[in-house]
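Written out below as structure tokens is the structure these notes cover.
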């Protein structure tokens with residue numbers, strides 16, 4: 001590619017394998033619906049807890065109030081997060097309490113942890129050995145007072161989507177995205193991401209197992225999908241720059257957290 005666009009991308013904060021058993025137990029305690037559906041038993045197959053942990057969901061209890069605590073940030077930054085995070089509340093049976101204390105908040109927000117953007121996925125934030133109470137579960141590394149509202153909405157709604165349990169849409173197993181791999185590695189190894197090959201595989205190329213998520217049909221308009229330049233896809237057709245909740249996003253989150 002002759003010209004690189006400055007595509008700021010969220011980093012997946014997926015619980016490491018050594019913490020997955022505890023994370024799964026916490027998720028099931030929070031919401032029994034996260035209990036993994038047992039696959040058909042196979043002769044000689046092991047149902048070790050570590051394998052079962054990979055199948056557990058990450059949804060909050062329906063109707064849950066989630067505490068949000070700001071660990072740093074200006075008055076403007078905090079107000080923008082409140083403004084755009086609550087867009088999910090119109091469609092999900094979930095409420096955000098922005099007056100929570102640090103000790104009780106499920107979502108702890110920083111603007112200074114690093115220069116990236118990321119969030120714990122759903123109930124993973126309850127794992128306080130990995131996401132310590134003294135540390136954030138969500139970060140907005142490039143959002144500043146002067147950042148335009150469209151970028152604020154794109155990033156905040158996206159990260160709070162992760163906090164509710166949504167994954168990246170480009171990693172949806174039903175997505176069918178076919179990457180121009182060498183172009184992907186060249187692109188994301190440079191600024192502003194400067195990722196290693198392992199980082200690129202983890203955050204871009206690899207797809208989740210269908211058993212690990214509540215995958216719906218691929219949604220090219222999803223707020224959980226990034227805008228990829230055409231050079232990165234074998235089709236030569238890029239993905240759109242999505243800055244709003246799509247009809248599919250609203251339908252998906254209603255199904256995840258149905259209102260009475």
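In the UniProt record's numbering, the protein residues as written are 1 to 260. Here a beta-carbon is modelled for each residue, glycine too, at the ideal position from N, C-alpha and C. The model shown is predicted, which means the values in this text are computed figures rather than measured ones.
Taking a contact to mean a Cβ-Cβ separation below 8 Å, would you say residue i touches residue j in this structure?
i, j, result
"residue 111", "residue 68", "no"
"residue 139", "residue 116", "yes"
"residue 106", "residue 243", "no"
"residue 239", "residue 220", "yes"
"residue 347", "residue 58", "No answer is possible for residue 347: the residues shown for the chain start at 1 and end at 260."
"residue 84", "residue 109", "no"
"residue 204", "residue 189", "no"
"residue 124", "residue 141", "no"
"residue 127", "residue 15", "yes"
"residue 161", "residue 256", "no"
Would you kindly work out how many angstroms separate the C-alpha atoms of residue i and residue j, rounded to a whole number?
i, j, result
"residue 254", "residue 122", "15 Å"
"residue 129", "residue 235", "43 Å"
"residue 202", "residue 28", "25 Å"
"residue 163", "residue 120", "6 Å"
"residue 228", "residue 241", "8 Å"
"residue 52", "residue 36", "In this prediction, residue 52 scores a pLDDT of 40, lower than 50, which makes its location untrustworthy; the coordinate-derived value is nonetheless stated afterwards. If you take the alpha carbons of residue 52 and residue 36, they lie about 7 Å apart."
"residue 182", "residue 193", "16 Å"
"residue 191", "residue 184", "13 Å"
"residue 250", "residue 91", "6 Å"
"residue 86", "residue 152", "13 Å"
"residue 98", "residue 89", "13 Å"
"residue 137", "residue 102", "11 Å"
"residue 62", "residue 258", "7 Å"
"residue 72", "residue 155", "17 Å"
"residue 24", "residue 237", "38 Å"
"residue 133", "residue 148", "31 Å"
"residue 64", "residue 31", "10 Å"
"residue 245", "residue 82", "16 Å"
"residue 100", "residue 80", "17 Å"
"residue 261", "residue 20", "What is shown of the chain runs 1 to 260, which leaves residue 261 out entirely."
"residue 135", "residue 186", "32 Å"
"residue 131", "residue 22", "12 Å"
"residue 17", "residue 198", "16 Å"
"residue 195", "residue 66", "32 Å"
"residue 226", "residue 104", "32 Å"
"residue 218", "residue 230", "18 Å"
Return the Cβ separation of residue i and residue j in integer angstroms, given the expectation that the two are a contact with Cβ distance under 8 Å.
i, j, result
"residue 177", "residue 233", "7 Å"
"residue 77", "residue 143", "7 Å"
"residue 222", "residue 145", "That pair is no contact at about 28 Å."
"residue 13", "residue 179", "In fact, because the Cβ distance is near 22 Å, the residues do not count as touching under 8 Å."
Where DSSP assigns a beta bridge to residue i, which residues make up the other side?
i, result
"residue 13", "120"
"residue 69", "108"
"residue 233", "179"
"residue 96", "66"
"residue 139", "110 and 118"
Measuring only between beta-carbons, confirm whether residue i sits less than 8 Å from chain D.
i, result
"residue 69", "Among the chains of the structure shown, chain D does not appear; only one protein chain is present."
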